[in-house]
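**Q** Following our numbering, the numbering of the sequence shown begins with 1412 at its first residue and continues without gaps.
Every residue, glycine too, gets a C-beta built ideally from N, C-alpha and C.
My questions all concern the structure below.
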Amino acid sequence: MGTMTGKGIGDSLRTDAQDAFPARAMKAIFPLLSVVLAGCSIHPVQQDVTGVPPVEIIHHIRCETRLAIQDKAIELLQNYHGGNDPGPYFLPNA
């Protein structure tokens, strides 16, 4: 019996161009994928977007909230004083 040398039936017959394609494809895809994924991890800083420090925004929100509560309280008291408040009709008898 003789020994066989060379390529067998199941061996691949790839050329150098075919071997180089995956490497070139990875070199092209990897930077693009890196840029896309890096964009997802970067979030804007609030001060860069609005130009106002976060402390000023928080102060403004608190002032607006306080004024809204005061306005609602004044409205409820005026309705109650004028007899237009339906609240007492819905209270259970104690």
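1. Take Leu1487 and list the residues in its own chain whose beta-carbon comes closer than 6 Å to its own, dropping the five residues that flank it on each side.
2. To the nearest angstrom, how far is it from the Cα of Arg1473 to the Cα of Thr1461?
3. Helix, strand or coil: which one does DSSP assign to Val1463?
4. CA-CA distance, Pro1464 and Glu1475?
**A** In brief:
1. Here residue 1487 refers to the residue found at position 76 of the sequence shown. Same-chain partners within the cutoff: there are none.
2. As a working mapping, residue 1473 is identified with position 62 in the sequence shown. As a working mapping, residue 1461 is identified with position 50 in the sequence shown. The C-alpha of Arg1473 lies about 18 Å from the C-alpha of Thr1461.
3. For the purposes of this step, residue 1463 is identified with residue 52 of the sequence shown, where counting begins at 1. Assigned with DSSP and collapsed to three states, Val1463 falls in coil, not helix or strand.
4. Here the question's residue 1464 lines up with position 53 in the sequence shown. Here the question's residue 1475 lines up with position 64 in the sequence shown. For Pro1464 and Glu1475, the distance between alpha carbons rounds to 17 Å.
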